[in-house]
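Using my numbering, the first residue of the sequence shown is number 34, and each one after it goes up by one.
Written out below as structure tokens is the structure these notes cover.
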Amino acid sequence: MDLLSDAHLISRPACFTQISVIYTYASYELIILSVMAYDRYVAICQPLHYHSKMSFRMVRDLVIFAWVYPVFTLGIIICPAVCLCV
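Below is the structure:
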């Protein structure tokens, strides 16, 4: 699995591991950027309601969503593909 070698062969388990890592990382990045965009939207467009809308509970829920959502979508997308390939 050396990128500098002429032969670019990868085993099936390594391929699925690579797919899951890349997909999970990309999902985390998109979710975190979405949460940050929502936070800035509320701060700029509704500054007087910011503290009531972005309470500790809302921030906690957004953080939990940002950590849990990519893992569940990974399970929904990758697991059927693994079952079909075996």
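Ideal placement from N, C-alpha and C gives every residue a C-beta, glycine not left out.
- Non-local beta-carbon contacts of residue 103 in its own chain, meaning distances under 8 Å to residues more than five positions away in sequence, involve 56, 57, 60, 61, 64 in chain order.
- In the three-state scheme derived from DSSP, where H, G and I count as helix and E and B as strand, residue 79 is classed as coil.
- Here residue 83 is not near residue 92, since their CB atoms are 7 Å or more apart.
- Counting only the Cα atoms, residue 86 lies some 46 Å from residue 45.
- If you check the CB distance, residue 99 and residue 68 come in under 7 Å.
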